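*Asks:* The structure is given below, and queries will be raised subsequently.
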Amino acid sequence: MTDKKRGFDYRAARSLPPLKKYRTEWDLKGLYYKSGRDPRIEADLKATETAYRAFAKKWSGDTFEKVSDLKQALAEYESLAGMPEIARPGRYFSFRKCLDVNDNEADRALALMSKRLRKASDQLLFFTLKLGKLPETLQKEYLQAKDLAHFRYYLERIFSGAKHDLTEAEEKIVRLKSRQSSGMWFDAVEKIISNRKVRFKDKELHLPEAIETIDLLPVKDRIKLWDLIIAEMKQIGEMAEHEMNAIVSDARGEDEIRGFKKPYSATALSYEHDEKSIENLVKAVSTKGFKLSQKFYKLKAKYHGVKELHYTEKYRSIGPELSISFEEAMEACRDVFYGLKTEYGEIFDRMLQNGQIDVFPRKGKRGGAFMSEEVGHPTHVFLNHVPNFKSLETLAHEMGHAIHAHRSAVNSPFYQGFSIVTAETASTLFENLVFDAVYNQASEKDKATLLHDRITRDISTIERQIAFFNAELEMHDTIHAHGSMQNHEFAACMEKHLKSYLGPSVRVAKEDGYSYVYVSHLRYGFYVYSYAFGLLMSTLMSQKYKEDKSYIEKIDKFLSAGSSDTVVDIFKSIGIDTTKEDTFLKALDNHAADIKQFEKIVKLR
């Protein structure tokens with residue numbers, strides 16, 4: 041659909057093991073249940089309820105004043121965290137919803153299970169709440185106890201977060217209202233977006249597909265399609281207005297009763313991160329980073345011979361787009377993964393063969409891409425792959441998450457998970473390394489295009505996400521101060537922050553602000569900062585790897601850490617101090633160097 045496309049033949053740098061027959065769709069029947077009426081679903085739900093009830097009966101009356109009692113209770117609680125029966129039904133029906141947003145059976149099943157499992161899990165609320173209320177002297181003693189060494193970090197998190205705990209009765213109320221207060225609002229708008237269609241060139245496109253298609257079109261066509269998309273977003277905005285007000289009001293209300301001082305304080309705690317690190321990142325990107333992105337778009341406009349670019353041209357390439365099939369994308373990823381560590385390549389191969397990667401867009405399938413992991417369950421990757429370079433990068437990104445999940449699984453159930461922040465570092469690290477492999481094989485002409493495209497990708501991940509962070513913060517503060525915001529006010533806020541990083545060389549119209557409607561991450565409680573943080577840290581890590589291939593051992597240490605320590609300390613263990621603003625400013629140097637190289641290309645044109 042683009043003006044031009046250039047085929048690309050990737051050549052593996054090493055001999056790769058043959059890949060057996062692979063699947064491009066999730067095998068939910070083989071990995072989970074035969075259908076929504078499979079009797080194993082009820083068996084798993086009952087097993088969960090029985091296990092929760094038994095734990096509560098045994099430990100709810102204990103005061104945990106003995107190390108031996110606490111050790112045994114923690115061991116049993118960790119065993120519960122590792123029970124595959126607990127998450128299996130929810131994963132099955134949630135994945136079905138991803139594949140078909142109109143799957144009403146899955147909708148009803150999830151609603152009923154949520155209600156049922158909430159009641160079951162409410163029986164366990166006493167445990168961490170009771171531990172958080174232990175006397176400070178006893179907490180200090182337990183953190184030093186040798187018999188509790190395995191649980192030390194887990195206890196540290198409970199003790200440090202206890203000041204924000206409510207009573208058991210209040211916690212139950214918060215859990216009871218959470219889905220109605222925000223979750224169902226988000227689901228409603230997501231479903232509306234997935235079901236709405238636009239007619240473009242005698243073809244009907246669902247909105248998620250239309251949004252993915254924009255960057256594949258010539259300039260005139262992308263503007264026409266964008267206008268159609270925005271017209272739909274303005275209408276959906278009437279619903280999104282209420283959704284955003286509900287989500288933000290719910291979050292701010294809970295922050296208030298829990299005693300969180302800043303809108304992102306709860307996020308920092310849940311991400312095992314610290315507020316100062318987040319603030320240093322936002323400051324570095326909002327100053328040096330925004331100047332860099334504005335400089336780039338000024339150069340880009342000059343390259344195209346215009347004073348300003350249309351909003352849809354912000355990712356417009358400067359040369360023929362590389363057309364990369366899924367098979368070629370697999371080849372590039374397999375080559376890089378096996379080159380780093382044999383185990384990484386084998387993880388990818390197994391996921392392909394076992395039906396753990398759903399590849400192509402189709403009717404009813406939701407948009408976007410993600411990786412999903414859970415203790416005791418297969419890891420899944422969700423894609424909407426089209427034959428372009430962006431989809432190759434997305435595959436590498438999501439597989440970076442998947443490899444991180446597999447390496448973190450060396451830990452016990454309490455520590456198998458990982459912070460969103462380290463997750464986004466792992467994903468962008470693999471994305472960077474795959475980019476380098478393809479870039480090294482490209483012609484000089486294609487290298488110029490790829491350099492440009494990497495800069496736009498990095499701006500999308502760094503400056504754009506921090507602009508979203510700033511927009512989300514303004515939305516929170518405005519709703520908190522004035523009670524609510526209207527659709528046009530959300531759009532104006534979005535427009536303002538889009539301009540902040542794009543600068544005067546990109547024409548951001550009033551209507552472009554309605555893109556807030558489909559930017560789902562604005563609903564995730566400041567999740568967006570993790571993208572920028574992750575890419576900047578992975579840039580430092582990939583640079584260290586290029587300089588010294590033995591750094592792969594530090595990378596593997598990072599990937600294997602799971603959630604066994606704080607984000608700050610995990611990075612410190614591999615030689616990166618994320619508490620300093622200078623670390624983020626230094627990470628932006630590579631970004632600046634790429635833009636400087638692009639400036640030479642513009643001058644030579």
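Residues in the sequence shown are numbered from 41 upward in steps of one, following our numbering.
Glycine included, C-beta positions come from ideal geometry on N, C-alpha and C.
The structure displayed is predicted, hence computed values, not measured ones.
Determine contact between the segment 563 to 571 and the segment 349 to 363, defined as no fewer than three beta-carbon pairs at a distance below 8 Å.
*Replies:* No, the segment 563 to 571 does not touch the segment 349 to 363.
*Asks:* Taking only the alpha-carbon atoms, compute the straight-line gap between residue 38 and residue 114 and give it to the nearest angstrom.
*Replies:* Examination of residue 38 is not possible in this model, given that the chain is present from 41 through 645 alone.
*Asks:* Hey, could you find the ends of the alpha helix (DSSP H) residue 104 is sitting in?
*Replies:* Residue 104 sits at position 64 when you count from the first residue of the sequence shown. It is not in any alpha helix (DSSP H) - residue 104 carries neither H nor E in the DSSP assignment.
*Asks:* I'd like to know whether the C-beta atoms of residue 580 and residue 616 end up nearer to each other than 7 Å.
*Replies:* Residue mapping note: residue 580 aligns to position 540 of the sequence shown, counting from 1. Residue mapping note: residue 616 aligns to position 576 of the sequence shown, counting from 1. Yes, these two residues count as a Cβ contact at 7 Å.
*Asks:* Using DSSP's beta-bridge definition, name the partner residues of residue 245.
*Replies:* As a working note, residue 245 is residue 205 in the sequence shown. According to DSSP, which records beta bridges pairwise, residue 245 is partnered with 238.
*Asks:* To which residues of the same chain is residue 614 closer than 7 Å at the C-beta, ignoring the five residues directly before and after it?
*Replies:* Position 574 of the sequence shown, counted from the start, is the residue given in the question as residue 614. Around residue 614: 594, 597 and 598.
*Asks:* Is DSSP giving residue 344 helix, strand or coil here?
*Replies:* As a first step, residue 344 must be located in the sequence shown, where it is residue number 304. DSSP places residue 344 in coil when its eight states are reduced to three.
*Asks:* On a CA-only basis, which of 99, 122, 405 and 124 is nearest residue 138? Give me that one, please.
*Replies:* To locate residue 138, count along the sequence shown from 1; it is residue 98. Per the Cα distances, 405.
*Asks:* Which one of 527, 545 and 243 has the shortest CA to CA distance from residue 551?
*Replies:* For the purposes of this step, residue 551 is taken as residue 511 along the sequence shown, with counting starting at 1. Here the closest residue by C-alpha is 527.
*Asks:* List the residues that DSSP assigns as beta-bridge partners of residue 397.
*Replies:* Mapped onto the sequence shown, residue 397 falls at position 357. For residue 397, which the question treats as bridged, DSSP gives the partners 421.
*Asks:* Ignore the nearest five residues each way along the sequence and tell me which others in residue 644's own chain have a CB closer than 6 Å to its CB.
*Replies:* Counting from 1 along the sequence shown, the entry for residue 644 is found at position 604. Within the same chain, residue 644 has no close Cβ partners at all.
*Asks:* So, residue 728 versus residue 582, is the Cβ gap smaller than 7 Å?
*Replies:* Residue 728 is absent from the model: the chain starts at 41 and stops at 645.
*Asks:* Quick one: residues in its chain with C-beta nearer than 6 Å to the C-beta of residue 140, no 5 flanking neighbours on either side, listed in chain order?
*Replies:* On the sequence shown, residue 140 is found 100 positions in, with the first residue counted as 1. So the qualifying residues of the chain are 404.
*Asks:* Is it buried or exposed, residue 400, if we count other Cβ atoms within 10 angstroms and call 16 or more buried?
*Replies:* Locating residue 400 in the sequence shown gives position 360, counting from the first residue. Exposed, by the Cβ-count rule.
*Asks:* Strictly by DSSP, which residues pair up with residue 167?
*Replies:* Residue mapping note: residue 167 aligns to position 127 of the sequence shown, counting from 1. Answer by DSSP bridge pairing: none, since residue 167 is not bridged.
*Asks:* On the DSSP letters alone, give me the boundaries of the beta strand (DSSP E) that residue 361 sits inside.
*Replies:* Here residue 361 corresponds to residue number 321 of the sequence shown, with the count starting at 1. Looking at the DSSP string, the run of the beta strand (DSSP E) that includes residue 361 is 361 to 363.
*Asks:* Where DSSP assigns a beta bridge to residue 515, which residues make up the other side?
*Replies:* Looking up residue 515 in the sequence shown gives position 475. According to DSSP, which records beta bridges pairwise, residue 515 is partnered with nothing at all.
*Asks:* Using a Cβ-Cβ cutoff of less than 7 Å, which residues in the same chain neighbour residue 339 once the five nearest sequence positions on both sides are dropped?
*Replies:* If you number the sequence shown from 1, residue 339 lands on position 299. Answer for residue 339: 638, 639 and 642, listed in chain order.
*Asks:* Leaving out five residues on either side along the sequence, give the residues of the same chain with a beta carbon under 7 Å from the beta carbon of residue 461.
*Replies:* Taking the sequence shown and counting its residues from 1, the one referred to as residue 461 is at position 421. So the list reads 311, 313, 570, 573, 574 and 607, once near-sequence residues are dropped.
*Asks:* Between residue 602 and residue 508, is the Cβ-Cβ spacing less than 7 Å?
*Replies:* Taking the first residue of the sequence shown as position 1, residue 602 is located at position 562. Taking the first residue of the sequence shown as position 1, residue 508 is located at position 468. Their beta carbons are not under 7 Å apart, which means residue 602 does not touch residue 508 by this criterion.
*Asks:* Smallest Cα separation from residue 498: which of 206, 430, 423 and 215?
*Replies:* Within the sequence shown, the letter at position 458 stands for residue 498. Comparing Cα positions, the closest option is 430.
*Asks:* Roughly how many angstroms lie between the CA atoms of residue 82 and residue 167, to the nearest whole one?
*Replies:* On the sequence shown, residue 82 is found 42 positions in, with the first residue counted as 1. On the sequence shown, residue 167 is found 127 positions in, with the first residue counted as 1. So the two alpha carbons sit approximately 26 Å from each other.
*Asks:* Give the straight-line distance between the Cα atoms of residue 56 and residue 380, rounded to the nearest whole angstrom.
*Replies:* Locating residue 56 in the sequence shown gives position 16, where the first residue counts as 1. Locating residue 380 in the sequence shown gives position 340, where the first residue counts as 1. When rounded, the distance between both Cα atoms is 13 Å.
*Asks:* Between residue 443 and the rest of its own chain, which residues show a CB-CB distance below 6 Å, the 5 nearest in sequence each way excluded?
*Replies:* As a working note, residue 443 is residue 403 in the sequence shown. The residues are 384 and 387.
*Asks:* Evaluate residue 494 with the Cβ neighbour count: other Cβ atoms within 10 Å of its Cβ, from every protein chain shown; 16 or more gives buried, anything less gives exposed.
*Replies:* Looking up residue 494 in the sequence shown gives position 454. It counts as buried.
*Asks:* In three-state DSSP terms, what is residue 77?
*Replies:* Position 37 of the sequence shown, counting from 1, holds the residue named residue 77. Three-state DSSP puts residue 77 in coil, outside helix and strand.
*Asks:* Buried or exposed for residue 534, please, with buried defined as at least 16 other CB atoms from any protein chain shown within 10 angstroms of its CB.
*Replies:* Here residue 534 refers to the residue found at position 494 when the sequence shown is read from its first residue. Buried, by the Cβ-count rule.
*Asks:* Relative to the C-alpha of residue 204, which residue among 585, 530, 471 and 305 is closest?
*Replies:* Walking along the sequence shown from the start, residue 204 turns up at place 164. Nearest option by C-alpha distance: 305.
*Asks:* Can you name the residues that DSSP bridges to residue 537?
*Replies:* Position 497 of the sequence shown, counting from 1, holds the residue named residue 537. According to DSSP, residue 537 bridges with nothing at all.
*Asks:* DSSP three-state label for residue 42, please.
*Replies:* Taking the sequence shown and counting its residues from 1, the one referred to as residue 42 is at position 2. Model confidence at residue 42 stands at a pLDDT of 41, short of 50, so the residue's coordinates are unreliable; what they give is reported in the following sentence. Looking at residue 42 - three-state DSSP - the assignment turns out to be coil, as it is neither helix nor strand.
*Asks:* Give the C-beta separation of residue 132 and residue 72 to the nearest angstrom, bearing in mind that I take them to be a contact with Cβ-Cβ under 8 Å.
*Replies:* Residue 132 sits at position 92 when you count from the first residue of the sequence shown. Residue 72 sits at position 32 when you count from the first residue of the sequence shown. Contact holds; Cβ gap of about 4 Å.
*Asks:* List the whole-angstrom C-beta distance separating residue 321 from residue 624, where the pair is believed to meet the contact cut-off of C-beta under 8 Å.
*Replies:* In the sequence shown, counting from the first residue as 1, residue 321 sits at position 281. In the sequence shown, counting from the first residue as 1, residue 624 sits at position 584. 5 Å between Cβ atoms; contact.
*Asks:* Quick check on the DSSP output: the beta strand (DSSP E) that includes residue 161 runs from which residue to which?
*Replies:* Position 121 of the sequence shown, counted from the start, is the residue given in the question as residue 161. First-last for residue 161: 144 to 162, but that is the alpha helix (DSSP H), not the beta strand (DSSP E).
*Asks:* Compute the beta-carbon to beta-carbon distance between residue 67 and residue 424, rounded to the nearest angstrom, for a pair I have assumed lies under 8 Å.
*Replies:* To locate residue 67, count along the sequence shown from 1; it is residue 27. To locate residue 424, count along the sequence shown from 1; it is residue 384. Their Cβ separation, rounded to whole angstroms, is 18 Å, which puts residue 67 and residue 424 out of contact at 8 Å.
*Asks:* Which term fits residue 233, buried or exposed, when burial requires 16 or more other beta carbons within 10 angstroms of its beta carbon?
*Replies:* Here residue 233 refers to the residue found at position 193 of the sequence shown. By the neighbour-count rule (16 or more Cβ atoms within 10 Å), residue 233 is buried.
*Asks:* Is the segment 463 to 481 close to the segment 529 to 548, with three or more CB pairs under 8 Å?
*Replies:* Flag = no, the segment 463 to 481 and the segment 529 to 548 do not touch.
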